[in-house]
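Numbering (this note's numbering), first residue to last: 4 to 966. We put the beta carbon where it would ideally sit given N, CA and C, even for glycine. These notes are about the structure you will find just below.
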Amino acid sequence: MPHYLRLFLLLVAAVVPLAALQFMTQHSLRQDRENEVRNDTLRLLDLLDAEQQRIAAEARQVLATIVESGVPQAGPPDCQPTMDRLRARYPAYLSVEVADREGRVWCATDPVSLGVDLGGIRTFQNALATGALTTGEYGLRYPNQRPILPFRLAYPAPDGTPGGPAGGVVTVLLDARWLEENLGNRPLPPGMEMVIADRQGHLVARLPEAPDAIGQPLPTAMLQAMHAARGTRSAAVFDTGGTERMVVSAPLDTGTRESMIAIGIDRDAAMRPVQDAMLLSLALFGGVLLLTCLGAAWGMRQFLRVRDRMLETVVEKASVLESTTDAVAELDRSWRVVFVNERARTLLPDSGDAIGRNGRQAFAELMAGESGRTLQQAMESREAVEFETQGPRSGVWFAVRAFPSRKGLALYFRDATDRRRLEDERSLLTRQLEAERSLLTAILDHLPSGLLVAEAPTGRIVKVNDTALRLLGGPLPTAVGGDCDGMKTCNGGACFGDGRCPLLRALRQGEAVEQEDLPYTRPDGTAMTLSVSATPVRAPDGQMTLAICTLRDVGERKAMELALQRAKEEADEANRAKSKFLAAASHDLRQPMQSMFLFTGVLHRFISDEQGQRSLEMLERGLDTLKGLLDSLLDVSRLDAGAVDPRVEPFALNSLLDEIAASYAPILESKKLAFRIVQDRAATVRSDRVLLGRMVRNLLENAVKYTERGAVQIAIRVQDEKTRNGLVRIEVSDTGIGIPPDQLTRIFAEFHQINNPERDRARGLGLGLAIVQRLSAILDHPVEVKSQPGRGSVFAITVPLAAVEPPPPPPPTASPFTGGRDAPRALLVDDDAIVLLGLRDMFREWGYEVLIAGSADEAVAKVEADGRMPDVMLVDYRLREGRVGTEAVVRVRAMAGWDVPAMILTGEAGQECETDAAAHGLEVVRKPVTPRQLRRVLDRAMATQPRRTADSMTGAEGERLPL
Numbered sequence: 004m005p006h007y008l009r010l011f012l013l014l015v016a017a018v019v020p021l022a023a024l025q026f027m028t029q030h031s032l033r034q035d036r037e038n039e040v041r042n043d044t045l046r047l048l049d050l051l052d053a054e055q056q057r058i059a060a061e062a063r064q065v066l067a068t069i070v071e072s073g074v075p076q077a078g079p080p081d082c083q084p085t086m087d088r089l090r091a092r093y094p095a096y097l098s099v100e101v102a103d104r105e106g107r108v109w110c111a112t113d114p115v116s117l118g119v120d121l122g123g124i125r126t127f128q129n130a131l132a133t134g135a136l137t138t139g140e141y142g143l144r145y146p147n148q149r150p151i152l153p154f155r156l157a158y159p160a161p162d163g164t165p166g167g168p169a170g171g172v173v174t175v176l177l178d179a180r181w182l183e184e185n186l187g188n189r190p191l192p193p194g195m196e197m198v199i200a201d202r203q204g205h206l207v208a209r210l211p212e213a214p215d216a217i218g219q220p221l222p223t224a225m226l227q228a229m230h231a232a233r234g235t236r237s238a239a240v241f242d243t244g245g246t247e248r249m250v251v252s253a254p255l256d257t258g259t260r261e262s263m264i265a266i267g268i269d270r271d272a273a274m275r276p277v278q279d280a281m282l283l284s285l286a287l288f289g290g291v292l293l294l295t296c297l298g299a300a301w302g303m304r305q306f307l308r309v310r311d312r313m314l315e316t317v318v319e320k321a322s323v324l325e326s327t328t329d330a331v332a333e334l335d336r337s338w339r340v341v342f343v344n345e346r347a348r349t350l351l352p353d354s355g356d357a358i359g360r361n362g363r364q365a366f367a368e369l370m371a372g373e374s375g376r377t378l379q380q381a382m383e384s385r386e387a388v389e390f391e392t393q394g395p396r397s398g399v400w401f402a403v404r405a406f407p408s409r410k411g412l413a414l415y416f417r418d419a420t421d422r423r424r425l426e427d428e429r430s431l432l433t434r435q436l437e438a439e440r441s442l443l444t445a446i447l448d449h450l451p452s453g454l455l456v457a458e459a460p461t462g463r464i465v466k467v468n469d470t471a472l473r474l475l476g477g478p479l480p481t482a483v484g485g486d487c488d489g490m491k492t493c494n495g496g497a498c499f500g501d502g503r504c505p506l507l508r509a510l511r512q513g514e515a516v517e518q519e520d521l522p523y524t525r526p527d528g529t530a531m532t533l534s535v536s537a538t539p540v541r542a543p544d545g546q547m548t549l550a551i552c553t554l555r556d557v558g559e560r561k562a563m564e565l566a567l568q569r570a571k572e573e574a575d576e577a578n579r580a581k582s583k584f585l586a587a588a589s590h591d592l593r594q595p596m597q598s599m600f601l602f603t604g605v606l607h608r609f610i611s612d613e614q615g616q617r618s619l620e621m622l623e624r625g626l627d628t629l630k631g632l633l634d635s636l637l638d639v640s641r642l643d644a645g646a647v648d649p650r651v652e653p654f655a656l657n658s659l660l661d662e663i664a665a666s667y668a669p670i671l672e673s674k675k676l677a678f679r680i681v682q683d684r685a686a687t688v689r690s691d692r693v694l695l696g697r698m699v700r701n702l703l704e705n706a707v708k709y710t711e712r713g714a715v716q717i718a719i720r721v722q723d724e725k726t727r728n729g730l731v732r733i734e735v736s737d738t739g740i741g742i743p744p745d746q747l748t749r750i751f752a753e754f755h756q757i758n759n760p761e762r763d764r765a766r767g768l769g770l771g772l773a774i775v776q777r778l779s780a781i782l783d784h785p786v787e788v789k790s791q792p793g794r795g796s797v798f799a800i801t802v803p804l805a806a807v808e809p810p811p812p813p814p815p816t817a818s819p820f821t822g823g824r825d826a827p828r829a830l831l832v833d834d835d836a837i838v839l840l841g842l843r844d845m846f847r848e849w850g851y852e853v854l855i856a857g858s859a860d861e862a863v864a865k866v867e868a869d870g871r872m873p874d875v876m877l878v879d880y881r882l883r884e885g886r887v888g889t890e891a892v893v894r895v896r897a898m899a900g901w902d903v904p905a906m907i908l909t910g911e912a913g914q915e916c917e918t919d920a921a922a923h924g925l926e927v928v929r930k931p932v933t934p935r936q937l938r939r940v941l942d943r944a945m946a947t948q949p950r951r952t953a954d955s956m957t958g959a960e961g962e963r964l965p966l
């Protein structure tokens with residue numbers, strides 16, 4: 004045999020087994036590669052399908068939650084804000100639309116959808132007719148022409164009538180962008196494509212993205228194969244555009260049942276490592292004859308390269324599994340863990356080193372108890388299972404899906420705790436809403452008042468309680484205001500009044516009507532009076548949504564009010580009669596008493612012996628007591644008659660208290676009582692100086708009257724000084740007999756006295772505190788009292804602080820009659836001769852030259868005859884023939900050419916005298932006035948202006964000035 008033949012045979016003998024081994028290896032690798040690619044693609048298809056089912060389930064749950072929460076029934080003002088909040092929380096591929104029965108979208112998470120008409124869509128009509136959840140087909144969405152999958156569910160009408168027509172349909176739109184958003188940023192093996200098609204086979208989503216392919220039909224052969232596979236995943240090879248692709252698909256009767264999912268891998272790209280190795284091996288066979296060993300080594304090297312590429316492909320597929328939102332784990336037939344992705348390690352911390360361990364131990368949270376038996380049965384029967392289980396140690400709920408194969412078991416699971424919690428919360432919320440609805444219904448039905456709720460703007464009455472039906476005497480119309488023209492009684496009594504219609508006013512004008520008493524006649528002819536209130540209810544945007552009307556039968560109350568009104572009018576009439584009597588008697592009582600005071604003062608010069616002086620002193624005390632009693636009676640009369648008009652102005656409180664303290668110092672000294680004024684600082688208050696002084700005097704007089712030993716104190720407490728509403732408390736306290744607790748409110752009653760059973764008139768009539776209480780109401784100065792029997796009492800008056808300081812008092816001027824060569828002249832005018840004579844004698848005792856007159860004309864005549872102007876005038880207000888004293892003052896001042904100091908002396912209690920005197924700047928002195936009081940007023944008036952001489956009566960050349 005030739006050498007070359009032997010060499011050839013040797014080479015053939017060496018190469019043929021190698022070639023056969025190479026061909027078998029390549030064929031085996033190709034088959035394994037195809038099987039591996041097919042299985043990995045099927046697994047990826049399951050992941051994609053599971054992801055779509057999860058998102059579709061999420062969309063259905065969102066749909067059910069929105070319908071059950073009652074958001075669509077709330078109307079646009081409440082629905083749209085809820086949609087805005089959902090848009091921020093839900094992913095971009097999920098949107099919600101709420102349409103009415105005609106299909107018009109009036110509320111949506113995407114503002115572009117508002118106003119879109121869905122009425123012609125078949126699934127919309129099916130959902131509206133059946134009331135069940137309806138899944139639509141993929142279609143293109145206006146206006147961006149994006150493929151969407153709709154889920155629709157009808158919601159009940161706002162009135163909530165069981166069995167009634169639906170109010171509209173809520174639609175959750177699942178945009179095909181979920182595929183791009185969930186997997187678009189994750190690496191895919193080379194040549195791999197993922198597509199979703201609708202029932203007709205039109206492409207609705209694709210990865211990698213290809214916008215021009217959206218809406219194009221799938222290849223006919225592929226579509227036929229997908230329709231032929233019923234209920235199972237299919238795998239086949241198709242020629243698509245000159246490229247052979249291995250395609251695995253999920254037909255219509257799996258998954259969402261409205262779409263088909265397919266994953267295609269370029270067969271050449273997937274098989275290229277093996278194909279390249281085969282071609283290289285065949286190309287190198289010629290060289291094997293020369294370099295057999297080198298060829299074998301090279302072949303081994305190629306084999307290792309193929310293995311590396313296969314491992315790279317496996318790693319790439321593993322990265323896809325790592326990127327999915329589900330946790331993934333794979334177990335072999337012996338339950339040994341062969342793969343765990345990062346999500347699984349996160350959900351099950353104990354599974355971090357689970358590779359190679361027994362799955363029942365590594366995944367004890369998933370496979371304990373009944374869950375383990377379910378997975379065992381799935382492994383044995385090779386049937387996919389899906390269930391939820393709770394981890395015995397962590398308490399976490401897992402949603403588990405298991406897919407058995409001849410190699411083992413693939414587990415896909417995710418944390419379902421939040422979903423379970425949300426479901427539990429939704430169930431609890433539903434129960435709570437139902438309980439609150441029942442409670443609200445029970446409350447409304449048992450309200451003592453009638454209640455009606457009308458819808459705006461239609462006026463449809465949506466709620467009427469039993470009380471309203473009973474009051475109105477029959478069923479109401481379905482809407483309010485249908486027959487109301489504003490002039491006639493509204494239909495059925497729904498407006499409750501002759502043309503005034505409170506409920507209609509609230510609906511149409513937004514007017515809030517508060518407790519209007521309106522006449523109403525029931526259908527049976529019964530007349531009654533209803534108190535009606537109507538309130539509009541507005542949405543956050545200000546639009547009227549409802550009007551609520553309440554009504555009560557107030558017939559008995561109206562009768563009582565009329566009776567009370569009549570009783571009040573009778574009491575007011577009696578009070579006015581009393582006040583008129585006292586006011587009329589005031590002048591007649593004061594005149595003789597004034598004469599007694601004046602003549603008593605004159606008597607002092609004529610009685611010199613001690614016994615006569617004591618008798619005269621007792622007479623003066625009796626007159627003082629009588630004056631105090633008369634003043635108190637007439638003050639109460641003036642207060643009840645409303646004749647007191649306070650003049651509120653700022654003034655220094657210190658000066659008022661100093662005057663009061665000075666006037667009561669002799670009495671306090673005579674009773675040997677300690678007295679002091681305690682104050683934080685000087686205070687300026689806003690009040691009527693005279694009336695506030697009268698309140699403090701009455702309280703101080705009471706304290707002195709009922710205190711036999713100890714002390715009397717006036718304390719000034721400034722409160723809230725730094726605020727605009729600062730206050731001052733004037734506290735008058737004593738260590739007297741105190742007030743029993745049951746008398747604290749009765750002491751302010753007229754003629755009520757404590758510890759005076761014998762009614763000693765020297766201790767007053769019991770009108771002091773009654774006057775204090777009336778002045779407190781007029782000035783709005785609250786009065787408080789605290790007392791302990793046997794230890795004393797504290798009365799407090801709260802007065803507002805003044806915002807500004809009062810003007811400083813004018814500097815005192817010296818008396819014009821200290822050292823002058825002429826005696827001052829006084830003009831006295833009074834129509835009561837006895838009072839006039841008493842005044843004349845008193846003024847003469849004081850060193851005055853006196854002119855007296857009984858009328859204004861007489862006064863002017865005497866002044867003109869005397870030729871000299873008076874230095875001061877004391878004029879009675881009410882003179883003869885209906886004339887008044889201010890007229891005499893004005894005429895004499897005109898004669899003098901300057902404002903002669905003057906005072907008005909009157910016994911009237913009316914407001915006319917006060918007003919007229921104030922207009923001419925005159926001080927009013929009330930009769931009866933003691934000589935001491937009159938002298939103080941006279942000195943004060945004389946000190947206001949310097950004294951004029953008689954020369955002021957004449958002109959430059961001595962002639963008289965004209966009158």
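Secondary structure of His205, DSSP reduced to three states: Taking the sequence shown and counting its residues from 1, one reaches residue 205 at position 202. Looking at His205 - three-state DSSP - the assignment turns out to be strand.
Where does the unbroken beta strand (DSSP E) through Gln393 begin, and where does it stop? For this step, residue 393 is matched to residue 390 along the sequence shown. First-last of the beta strand (DSSP E) with Gln393: Val388 to Gln393.
Given a threshold of 16 other Cβ atoms within 10 Å of its Cβ, counted over all protein chains shown, does Met621 qualify as buried or as exposed? Locating residue 621 in the sequence shown gives position 618, where the first residue counts as 1. Looking at its Cβ environment, which holds fewer than 16 other Cβ atoms inside 10 Å, Met621 is exposed.
Measuring only the C-alpha atoms, how far is Ala16 from Leu50? The residue labelled residue 16 in the question sits at position 13 within the sequence shown. The residue labelled residue 50 in the question sits at position 47 within the sequence shown. Whole-angstrom Cα-Cα distance: 50 angstroms.
May I have the straight-line CA-CA distance separating Trp849 from Met876, to the nearest angstrom? Taking the first residue of the sequence shown as position 1, residue 849 is located at position 846. Taking the first residue of the sequence shown as position 1, residue 876 is located at position 873. Trp849 and Met876: Cα-Cα distance of roughly 15 angstroms.
With respect to the beta strand (DSSP E) encompassing Ala330, which residues constitute its N-terminal and C-terminal limits? Taking the sequence shown and counting its residues from 1, the one referred to as residue 330 is at position 327. From DSSP, the beta strand (DSSP E) with Ala330 extends over Ala330 to Asp335.
So what does DSSP say about Thr933, is it helix, strand or coil? Looking up residue 933 in the sequence shown gives position 930. Coil.
In the DSSP output, which residue or residues are listed as bridge partners for Glu734? Reading the sequence shown from its first residue, position 731 is the one you call residue 734. Beta-bridge pairing links Glu734 to Ala718 and Ala799.
Among Ile719, Val707, Leu730 and Pro743, which one has its Cα closest to the Cα of Gly771? By one-based count along the sequence shown, residue 771 stands at place 768. With distances taken between Cα atoms, Gly771 lies closest to Val707.
Where does Gly142 fall in DSSP's three states? Residue numbering aside, residue 142 sits at position 139 when the sequence shown is read from its first letter. Note: Gly142 maps to strand in three-state DSSP.
If you draw a straight line from the C-alpha of Tyr96 to the C-alpha of Leu176, how long is it? To locate residue 96, count along the sequence shown from 1; it is residue 93. To locate residue 176, count along the sequence shown from 1; it is residue 173. The straight-line gap from Cα to Cα measures roughly 8 angstroms.
So Gly870 is in the alpha helix (DSSP H); what residue range does that whole segment cover? Position 867 of the sequence shown, counted from the first residue, corresponds to residue 870. Looking at the DSSP string, Gly870 is not in any alpha helix (DSSP H), and its letter there is neither H nor E.
Give the DSSP-derived three-state secondary structure of Glu105 in the structure shown. The residue given as residue 105 occupies position 102 in the sequence shown. In this structure, Glu105 counts as coil in the three-state DSSP scheme.
Helix, strand or coil at Pro653 according to DSSP, with G and I counted as helix: If you number the sequence shown from 1, residue 653 lands on position 650. Strand, per DSSP.
For the pair the stretch 19-33 and the stretch 126-145, tell me if three or more CB-CB distances fall below 8 angstroms. no
When you compare only the Cα positions, how much space is there between Arg469 and Gln128? In the sequence shown, counting from the first residue as 1, residue 469 sits at position 466. In the sequence shown, counting from the first residue as 1, residue 128 sits at position 125. Note that residue 469 is Asp in the sequence shown, not Arg. Asp469 and Gln128: Cα-Cα distance of roughly 38 angstroms.
If I follow the unbroken beta strand (DSSP E) through Gly411, where does it start and stop? Position 408 of the sequence shown, counting from 1, holds the residue named residue 411. Gly411 to Asp418 is the span of the beta strand (DSSP E), which, as asked, contains Gly411.
How many Å lie between Leu549 and Ala457 at the Cα? Residue mapping note: residue 549 aligns to position 546 of the sequence shown, counting from 1. Residue mapping note: residue 457 aligns to position 454 of the sequence shown, counting from 1. Taking the straight line from one Cα to the other gives about 6 angstroms.
Would you please state the rounded distance, in angstroms, between the beta carbons of Ala405 and Arg417? I believe it to be under 8 angstroms. Position 402 of the sequence shown, counted from the first residue, corresponds to residue 405. Position 414 of the sequence shown, counted from the first residue, corresponds to residue 417. The Cβ separation is near 13 angstroms, so there is no contact.
Val735 beta carbon less than 8 angstroms from that of Leu703: Numbered from its first residue, the sequence shown carries residue 703 at position 700. Numbered from its first residue, the sequence shown carries residue 735 at position 732. In contact: Leu703 and Val735 (Cβ atoms closer than 8 angstroms).
For Gly375 and Glu391, I'd like the C-alpha separation in whole angstroms. Sequence index remark: in the sequence shown, residue 375 carries index 372 (1-based). Sequence index remark: in the sequence shown, residue 391 carries index 388 (1-based). If I take the Cα positions, the gap works out to 12 angstroms.
Three-way DSSP call (helix, strand, coil) for Gly841 in this model: Locating residue 841 in the sequence shown gives position 838, where the first residue counts as 1. Three-state DSSP puts Gly841 in a helix.
Please classify Pro150 as buried or exposed, where buried requires at least 16 neighbouring CB atoms within 10 angstroms. What you label residue 150 is simply residue 147 of the sequence shown in a count that begins at 1. Per the 10 Å Cβ criterion, buried.
Within the continuous alpha helix (DSSP H) that includes Ser779, where are the two ends? The count along the sequence shown starts at 1 and reaches residue 779 at position 776. Here the alpha helix (DSSP H) through Ser779 covers Gly771 to Leu782.
Taking DSSP as the reference, what is the three-state secondary structure of Ile266? Position 263 of the sequence shown, counting from 1, holds the residue named residue 266. Ile266: strand per DSSP, three-state reduction.
Say whether the stretch 909-920 touches the stretch 873-890, bearing in mind that this needs 3 or more beta-carbon pairs closer than 8 angstroms, one atom from each stretch. yes
For Ala102, which residues in the same chain have their Cβ closer than 6 angstroms to its Cβ, ignoring the five residues on either side in sequence? Within the sequence shown, numbered from 1, the residue matching residue 102 stands at position 99. The residues are Val108, Leu121, Gly171 and Val172.
Around the Cβ of Ser796, are there at least 16 other Cβ atoms within 10 angstroms (buried) or fewer (exposed)? Walking along the sequence shown from the start, residue 796 turns up at place 793. By the neighbour-count rule (16 or more Cβ atoms within 10 Å), Ser796 is buried.
Out of Pro792, Ala799, Pro94 and Ile446, state which residue places its alpha-carbon closest to the alpha-carbon of His784. For the purposes of this step, residue 784 is identified with residue 781 of the sequence shown, where counting begins at 1. The residue with the shortest Cα to Cα distance from His784 is Ala799.
Going along the chain, which residues of its own chain have a beta-carbon closer than 8 angstroms to the beta-carbon of Thr532, five neighbours each way excluded? Residue 532 sits at position 529 when you count from the first residue of the sequence shown. Counting only Cβ-Cβ distances below 8 angstroms, and skipping sequence neighbours, we find Asp520, Leu521, Pro522, Tyr523, Asp556, Val557, Gly558 and Lys561.
For Ala23, three-class secondary structure by DSSP: As a first step, residue 23 is located in the sequence shown; it is residue number 20 there, counting from the start. Correct three-state label for Ala23: helix.
Can you tell me the Cα-Cα spacing of Glu368 and Asp356, whole angstroms? Position 365 of the sequence shown, counted from the first residue, corresponds to residue 368. Position 353 of the sequence shown, counted from the first residue, corresponds to residue 356. If you take the alpha carbons of Glu368 and Asp356, they lie about 15 angstroms apart.
Distance, Cα to Cα, Ser658 vs Ala944? Residue 658 sits at position 655 when you count from the first residue of the sequence shown. Residue 944 sits at position 941 when you count from the first residue of the sequence shown. C-alpha separation (whole angstroms): 18 angstroms.
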